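Just so we're aligned, residue 24 is where the sequence shown starts under my numbering, counting upward by one.
A virtual CB, placed ideally from N, CA and C, is assigned to each residue, including glycine.
This one's a predicted model, so the numbers in the text were calculated from it and none came from an experiment.
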Amino acid sequence: MATRVANVLLTFVRGQRHYTKAWLKDAVRYGNVKFHPRTNNHVDPPITPSKVFMVLRVKPFKGNPYWEKNVLEELGFEEGVRDPVFVKNTPEMCALLWKVKHLIKICPLQLPEKLPEFNESTEYYVHESGKIHVTGKIDPARYEATMAYFNSVKRLKDHVIGEKLKLLWLKGYLI
Numbered sequence: 024m025a026t027r028v029a030n031v032l033l034t035f036v037r038g039q040r041h042y043t044k045a046w047l048k049d050a051v052r053y054g055n056v057k058f059h060p061r062t063n064n065h066v067d068p069p070i071t072p073s074k075v076f077m078v079l080r081v082k083p084f085k086g087n088p089y090w091e092k093n094v095l096e097e098l099g100f101e102e103g104v105r106d107p108v109f110v111k112n113t114p115e116m117c118a119l120l121w122k123v124k125h126l127i128k129i130c131p132l133q134l135p136e137k138l139p140e141f142n143e144s145t146e147y148y149v150h151e152s153g154k155i156h157v158t159g160k161i162d163p164a165r166y167e168a169t170m171a172y173f174n175s176v177k178r179l180k181d182h183v184i185g186e187k188l189k190l191l192w193l194k195g196y197l198i
């Protein structure tokens with residue numbers, strides 16, 4: 024019985040160290056990578072690489088070693104903030120992104136076909152897929168009304184209301 028268990032344990036392979044499709048002769052080499060196209064006349068489409076990447080953090084800072092936290096901070100991420108970071112597509116940046124590829128999501132930035140002139144009154148936003156959408160121009164009257172509202176003295180602010188209610192509670196007026 025003991026020899027049977029020993030034989031079973033010895034037959035398991037810990038990892039495959041050889042090339043699994045060595046019997047296929049139609050492999051196309053790209054550096055150290057072998058690619059097996061579905062058809063013999065397969066041609067890759069032309070690729071124009073994006074000049075800027077939008078990088079989103081998908082895993083938290085907590086639980087990672089200090090060197091990965093340092094790379095995330097070097098890329099511009101802050102702990103507790105989930106805002107995207109925009110980086111250039113350079114070999115140095117790609118090397119940093121490769122070190123933390125399991126913690127981030129990388130999207131190439133896609134510009135619209137016809138770029139309008141970007142100035143202070145142009146509205147645009149970046150979709151999570153990396154595509155830039157231009158929505159139009161801001162109405163100056165509406166912009167001024169919005170800024171007047173935010174800078175108004177009469178506007179009730181959350182922290183002021185909280186402080187006033189706390190003082191009333193402590194004095195016993197809210198019972």
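What separation, rounded to the nearest whole angstrom, lies between the Cα atoms of leucine 98 and leucine 188? Taking the sequence shown and counting its residues from 1, one reaches residue 98 at position 75. Taking the sequence shown and counting its residues from 1, one reaches residue 188 at position 165. If you draw a straight line from the Cα of leucine 98 to the Cα of leucine 188, it comes to about 42 Å.
Taking the alpha-carbon of aspartate 106 as reference, which of Lys194, Lys128, Arg165, Thr113 has the nearest alpha-carbon? The count along the sequence shown starts at 1 and reaches residue 106 at position 83. Distances from the alpha-carbon of aspartate 106 to those of Lys194, Lys128, Arg165, Thr113 put Lys128 closest.
Please return the same chain residues whose Cβ sits closer than 8 Å to the Cβ of isoleucine 155, not counting the five positions on each side in sequence. For this step, residue 155 is matched to residue 132 along the sequence shown. For isoleucine 155, where only same-chain residues beyond five positions count, the Cβ hits under 8 Å are Leu132, Gln133, Leu134, Pro135, Tyr147, Tyr148, Val149.
Any idea which residues DSSP pairs lysine 76 with across the strands? Counted from its first residue, the sequence shown places residue 76 at position 53. Checking the displayed sequence, the identity of residue 76 turns out to be phenylalanine instead of lysine. DSSP output for phenylalanine 76 lists Val110, Pro131 as bridge partner(s).
For glutamate 146, which of helix, strand or coil comes out of DSSP? Stepping through the sequence shown from its first residue, residue 146 is reached at position 123. Assignment of glutamate 146 by DSSP, reduced to helix, strand and coil, places it in the strand class.
Does the contact criterion of 3 or more C-beta pairs under 8 Å hold for the region 69-82 versus the region 111-129? Output reads yes: the region 111-129 touches the region 69-82.
Between the region 87-101 and the region 52-62, do at least 3 Cβ pairs fall closer than 8 Å? These segments do not touch.
Look up isoleucine 184 in the DSSP assignment and say whether it is helix, strand or coil. Stepping through the sequence shown from its first residue, residue 184 is reached at position 161. Helix at isoleucine 184.
Consult DSSP for valine 66 and reduce its assignment to one of helix, strand or coil. Counting from 1 along the sequence shown, the entry for residue 66 is found at position 43. Coil.
Pick helix, strand or coil for proline 165, following the three-state DSSP scheme. Mapped onto the sequence shown, residue 165 falls at position 142. It is arginine, not proline, that sits at residue 165 in the sequence shown. In the structure shown, arginine 165 sits in a helix (DSSP, three-state: H, G or I).
Less than 8 Å between C-beta atoms, sequence neighbours within five positions excluded: which residues of the same chain meet that for threonine 145? Start at 1 with the first residue of the sequence shown, and residue 145 comes out as number 122. Pro139, Val157, Gly159, Lys160, Ile161, listed in sequence order.
Whole-number beta carbon distance between glycine 153 and cysteine 117, since they are thought to touch under 8 Å: Position 94 of the sequence shown, counting from 1, holds the residue named residue 117. Position 130 of the sequence shown, counting from 1, holds the residue named residue 153. The pair is not a contact, with the Cβ atoms about 16 Å apart (cut-off 8 Å).
Taking its Cβ as the centre, do 16 or more other Cβ atoms sit within 10 Å of valine 51, making it buried, or is it exposed? The residue given as residue 51 occupies position 28 in the sequence shown. Counting C-beta atoms within 10 angstroms of its own C-beta, valine 51 has fewer than 16 neighbours from the protein chains shown and is therefore classed as exposed.
Identify, in the order they occur along the chain, each residue of the same chain with its Cβ nearer than 7 Å to the Cβ of proline 72, setting aside the five sequence neighbours on each side. Stepping through the sequence shown from its first residue, residue 72 is reached at position 49. Cβ neighbours of proline 72 beyond the five flanking positions: Asn112.
If you reduce the DSSP assignment to three classes, tell me which class lysine 160 lands in. The residue labelled residue 160 in the question sits at position 137 within the sequence shown. Annotated three-state conformation of lysine 160 is strand, per DSSP.
Contact check, leucine 126 vs valine 81 under 8 Å by CB: the rounded distance? Within the sequence shown, the letter at position 103 stands for residue 126. Within the sequence shown, the letter at position 58 stands for residue 81. Your pair leucine 126 and valine 81 checks out as a contact, with CB atoms roughly 7 Å apart and the cut at 8 Å.
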